[in-house]
Every structure is written in C-alpha cells, then in structure tokens.
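See structure below.
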Amino acid sequence: NAGVTQTPKFQVLKTGQSMTLQCAQDMNHEYMSWYRQDPGMGLRLIHYSVGAGITDQGEVPNGYNVSRSTTEDFPLRLLSAAPSQTSVYFCASSYSGTGNPFDQPQHFGDGTRLSIL
Amino acid sequence: AQRVTQPEKLLSVFKGAPVELKCNYSYSGSPELFWYVQYSRQRLQLLLRHISRESIKGFTADLNKGETSFHLKKPFAQEEDSAMYYCALSSSYNTDKLIFGTGTRLQVFP
Numbered sequence: 001n002a003g004v005t006q007t008p009k010f011q012v013l014k015t016g017q018s019m020t021l022q023c024a025q026d027m028n029h030e031y032m033s034w035y036r037q038d039p040g041m042g043l044r045l046i047h048y049s050v051g052a053g054i055t056d057q058g059e060v061p062n063g064y065n066v067s068r069s070t071t072e073d074f075p076l077r078l079l080s081a082a083p084s085q086t087s088v089y090f091c092a093s094s095y096s097g098t099g100n101p102f103d104q105p106q107h108f109g110d111g112t113r114l115s116i117l
Numbered sequence: 001a002q003r004v005t006q007p008e009k010l011l012s013v014f015k016g017a018p019v020e021l022k023c024n025y026s027y028s029g030s031p032e033l034f035w036y037v038q039y040s041r042q043r044l045q046l047l048l049r050h051i052s053r054e055s056i057k058g059f060t061a062d063l064n065k066g067e068t069s070f071h072l073k074k075p076f077a078q079e080e081d082s083a084m085y086y087c088a089l090s091s092s093y094n095t096d097k098l099i100f101g102t103g104t105r106l107q108v109f110p
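Protein chains in written order, with the numbering used here: chain A, 1 to 117; chain B, 1 to 110.
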C-alpha cells in the first residue's frame, strides 16, 4: 500500500493563479482531511470529508474548495491563489467504521510545499 | 469552541533528563486528546491517545480534566526523541474534526 499520496511535492504560483493539490489514498478510508501547516500556528484544518459525496468546512476554509467524488481521492482547489496561502499542505485519512474517524490513527501524506508570489 | 494550547515553541534538554511537553485545552464537553509526532524527514504520526492509557516509546500522557491539561512526559529523554510534537483534540459531540495545537519542537542534546 502506498498509503496517502500527495502531488505535487512543491509548487510555485503567481497571485491569482488557480491550482489543484491532489490527495489519494489506497486504504479504503472513509475519512479524509486537509490541513495547512504554518510556522507558529501548527496545523489548521481546512476541509474534511466523512465519505464520498460529503464534505464540510474546517477552521480555515476560505479560499479553498474541495470535492469527494470517490473514496480514494480528495483534491484541494485554490481558485485564485493569494500570498497568504503560502504554506505546507497536508492530507490525512483514516478508517471510520466505528463512526469515529479518530478511533484509528490518522495517516498523513508527505505534504505539498506551496509558495505564492 | 475547541482550542488546544501548547505554550512552548521549543524545549531543549540533555539526554537522560526528564521531559514534559505541555498541552492545555479548552472544551466544555468530554474531549479526546492525542499526541502526534513528526520526526525529521518523516510523516506526521500518532504517538498516543489518552483513551488508550498506554506508554509509547517511554512517553505517557494523563488527561487532567480539572486542569484541562494533557501533558506529555518521559522520564529520560533520548536523542532520537528530537522531533516536533503536536497535541490534538476531538470532541465527543463533533467527532469529525481534529484540532491541533501550535506544536512544540523538542531538541535532545547528547
């Protein structure tokens, strides 16, 4: 199993450009989430999904869109990139068969380092 | 609102010294608390959760509801413990969100 795969690993964008960060998992996990990691601010939840077709907002959703058309994939879209979105983005997934997605450990990807000029 | 506070950005100790990484939370219900760790060049991973009440790699953490704390402790630090540590909380009411603290970097010197 590859676990959680994030692409690309690095990306530089200009202000106003759009971009999709990809996240895929091969563990048949129902729960998936996106975090951004910024110095001094830890990990902040952007969006999450409890299953295909279901998404919801986290702590910092503004400027980001998500969709969950399949169990495996959970892409994060920046429609019009801003310098404030420069960050490292992490995707995570977990099994939630018990109803609580945190009964099992969250599996994190390697992250995508995004710079917006 | 749920909130996790880790007051120390950096904690430096010598090998063999005791370690305590502080975590305080704000939540009015019954929380679930976790410690996650990120070693250099590795993925973020779960270290332990309060409900398991187990010791992982010599680390323990006790949930103190009176003080709303979940401090991570190890009696004798090792160099390989050097990493970024995050405390995280999910609520019994809304179990769909995992909220992280700002993290504490632990440096263990030889």
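Yeah, the Cβ is synthetic: ideal placement off N, Cα and C, and Gly gets one too.
Query                                                                                                                                                    : Result
Could you tell me which residues DSSP puts in a beta bridge with A/Leu13?                                                                                : A/Ile116
Three or more C-beta pairs under 8 Å: does that hold for the region 77-85 of chain B against the region 95-107 of chain B?                               : yes
Name the residues in the region 32-50 of chain A whose C-beta lies less than 8 Å from a C-beta of chain E; which are they?                               : Absent from the structure: chain E. Protein chains present are A and B.
From B/Glu67 to B/Pro31, what distance separates their C-alpha atoms?                                                                                    : 13 Å
Run down chain A in chain order and give the residues with a C-beta less than 7 Å from the C-beta of B/Arg53.                                            : Result: empty, since nearest Cβ-Cβ is about 15 Å, beyond 7 Å.
So B/Glu79 packs on B/Val108, CB below 8 Å; how close in whole Å?                                                                                        : 5 Å
B/Gln78 lies in the beta strand (DSSP E); which residues open and close that run?                                                                        : Looking at the DSSP string, B/Gln78 is not in any beta strand (DSSP E), and its letter there is neither H nor E.
Quick one, are the C-beta atoms of A/Leu79 and A/Gln85 less than 8 Å apart?                                                                              : no
Considering only the beta carbon of each residue, do A/Ser49 and A/Val66 sit closer than 8 Å?                                                            : yes
Verify the CB distance criterion: does A/Gly63 have a CB-CB separation below 8 Å to chain B?                                                             : no
Since A/Leu114 and A/Leu13 should fall inside the 8 Å C-beta cutoff, what is the C-beta to C-beta distance between them, to a whole number of angstroms? : 7 Å
DSSP three-state call for A/Pro8: helix, strand or coil?                                                                                                 : coil
Of the residues that make up the region 73-87 of chain A, which ones have a beta carbon closer than 7 Å to any beta carbon in chain B?                   : none
What do you reckon, are the CB atoms on A/Cys23 and A/Pro75 nearer than 8 Å?                                                                             : yes
Put B/Pro31 into one of helix, strand or coil per three-state DSSP.                                                                                      : strand
Does A/Phe108 get closer than 8 Å to chain B when you measure Cβ to Cβ?                                                                                  : yes
Please check the pair A/Met27 and A/Ser93, which I expect to be a contact at CB under 8 Å, by giving their CB distance rounded to whole angstroms.       : 7 Å
Using a threshold of 8 Å, state whether the C-beta atoms of A/Met19 and A/Gln6 are closer than that.                                                     : no
Please report the residue range of the beta strand (DSSP E) in which A/Gln22 lies.                                                                       : Met19 to Gln25
Does the ligand NAD have a heavy atom nearer than 7 Å to the CB of B/Leu33?                                                                              : Among the components modelled here there is no ligand, and therefore nothing to report on the ligand NAD.
For a test of the three-state rule: what should DSSP assign to B/Ser69, helix, strand or coil?                                                           : strand
Using a C-beta cutoff of 8 Å, does A/Gly97 count as contacting chain B?                                                                                  : no
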